[in-house]
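J.:
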Amino acid sequence: MTFFFVVFLFLFILGYLAQTTGLCLVRGVNDALDKRPQFLFSILLSGVLGWVSFLVADVLAIDVSFKIYAVQWTALFGGVLFGVGAALNVGCGVSTISKLSRGDTLMIATVSGWFIGWFLLTGMSDILPSRAASIPSNLHFTALVVISALVLVSIAFVRTVNARLWLSMLTIGLMASLTFLYEPRWTPSSFLSDISHSMWEKEATQWPSMERTLFLFALIGGMVVAALKTRSFKWKVKRLPRYGYHLIAGVLMGSGASIAGGGNDSQLMLSLPAFSPHGFVTVFSMLVGIALGLKLPTCFRR
């Protein structure tokens, strides 16, 4: 029970920081295209403190085993499809939940689209490559330590580095990796994926547990508290066609996530720190898809 409350707190903090930092892959790509790549890099490197979770797992005798996909076309196609949908939505998976917690009702349509996309392509999991268990190696551990050390040195000594941004992102990544030790499938996309699988197979074995549901509430709760504290919470109701537009964007995101084996939350916070080849390719494809989506004529992005 103690571990449950600790993880609950971790996810609350994660949600709070995700809201206050404006964590969004679409924003990161947009800034990078505008020759301001720091925000994007801070997101991509947010998981480098994952080595801390290895130490915690060793002390607590927790078996840490990453399950990763081999690289194939699903990473490329699914990533690009998700990225285009995220660009049209003007928000990735995490920022969609953040916007919803700030009162943006358009995101209800987006989340509904996610579910539709996940549900329609739930059967895609049958053609995904088999997963291979991967136990963190000494090389893996050392690489994360070296990268995190370089990041921390840059934060301390490079003036152009936004220290508050980087420390917030690193904390988000650390909370995510520590949560993984207790609940590997804590991410919102995994939650939605399991609901879709459960409905597709017409059985309750994969339905998210009450514990996972409470973890999701903790994440959203942190976002809501941050929105209230920063006075950014405001109910936003738009015209009906806008909801249809975001529903379509959500379907693209959900379909892409289903094909790729996870949304950007799972890929960034779990796959990248695990050095998953499939995760690297998927995230790169998502970035390409977002860039392509941002280049679409304005009439397709409104």
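Number 129 in our numbering belongs to position 144 of the sequence shown; there are no gaps in the numbering. A virtual CB, placed ideally from N, CA and C, is assigned to each residue, including glycine.
1. Which complete alpha helix (DSSP H) runs does the stretch 212 to 252 hold, if anything under 4 residues is left out?
2. In this structure, does DSSP put D19 in helix, strand or coil?
3. Can you tell me whether I82 is buried or exposed? The criterion is at least 16 other CB atoms within 10 Å of its CB, across all chains shown.
4. Could you tell me which residues DSSP pairs with D89 in its beta bridges?
5. Flag this pair as yes or no: are the beta carbons of M271 and A234 separated by less than 9 Å?
6. Taking the Cβ atom as the reference point for each residue, do S133 and F218 lie within a distance shorter than 9 Å?
7. Return the chain-ordered list of same chain residues with a C-beta closer than 7 Å to the C-beta of T6, the five sequence neighbours on each side being excluded.
8. Is A118 helix, strand or coil by DSSP?
9. State buried or exposed for F(-10), treating a residue as buried only when at least 16 other CB atoms are found within 10 Å of its CB.
10. Locate the alpha helix (DSSP H) running through E186, then write down its first and last residues.
11. Grouping DSSP H, G and I as helix and E and B as strand, with all else coil, what is L281?
12. Within the same chain, show all residues whose beta-carbon is closer than 7 Å to that of V69, passing over the 5 residues directly before and after it, in chain order.
13. Pull up the CB-CB distance for L232 and G98, whole angstroms please, since I reckon it's below 8 Å.
14. At 3 residues or longer, and completely inside the stretch 1 to 75: list those beta strand (DSSP E) runs for me, N to C.
15. Apart from the five residues just before and just after G158, which ones in its own chain have a Cβ nearer than 6 Å to its Cβ?
16. Mind checking which residues open and close the alpha helix (DSSP H) that includes V131?
17. Who are the near neighbours of L2 in its chain, counting only those whose CB is closer than 7 Å to its CB and skipping five residues on each side?
18. Under a Cβ-count criterion, where at least 16 other Cβ atoms within 10 Å of its own Cβ denotes burial, should D250 be classed as buried or exposed?
19. Using a threshold of 9 Å, state whether the C-beta atoms of A161 and L255 are closer than that.
20. Is the beta carbon of A55 less than 9 Å from the beta carbon of D48?
T.: Judging by the given coordinates:
1. The stretch 212 to 252 contains, as complete alpha helix (DSSP H) runs of 4+ residues, the segments 225 to 245 (chain order).
2. Correct three-state label for D19: coil.
3. In this structure I82 is buried. Its beta-carbon is surrounded by 16 or more other beta-carbon atoms within 10 angstroms.
4. D89 pairs with K221.
5. Judged by beta-carbon spacing, A234 lies beyond the 9 Å limit of M271, meaning their Cβ atoms are not closer than that value.
6. No, the pair does not count as a contact, with Cβ atoms beyond the cut-off.
7. Take T6, set aside five residues on each side of it, and the residues of its chain with a beta-carbon closer than 7 Å to its own are L150, S153 and M154, in chain order.
8. Reliability fails at A118, whose pLDDT of 49 lies under 50, so the model's placement of it is uncertain and the value that follows must be treated cautiously. Residue state, collapsed to three classes: strand.
9. That one is exposed.
10. In the DSSP annotation of this structure, the continuous segment of the alpha helix (DSSP H) that includes E186 starts and ends at P173 to E186.
11. Coil at L281, not helix or strand.
12. So the qualifying residues of the chain are L237, G274, L277 and G278.
13. The C-beta distance from L232 to G98 rounds to 5 Å, short enough to meet the 8 Å contact threshold.
14. Within the stretch 1 to 75, the complete beta strand (DSSP E) runs of at least 3 residues are 51 to 54.
15. Taking C-beta separations shorter than 6 Å and ignoring five residues to either side along the sequence, the partners of G158 in its chain run S31, G32 and L34, following chain order.
16. N123 to F142 is the span of the alpha helix (DSSP H), which, as asked, contains V131.
17. Around L2: S153, T156 and I157.
18. With 16 or more other Cβ atoms from the protein chains shown falling within 10 Å of its own Cβ, D250 counts as buried.
19. For A161 and L255, yes; Cβs fall inside 9 Å.
20. Against a cut-off of 9 Å, the Cβ pair of D48 and A55 comes out as no contact.
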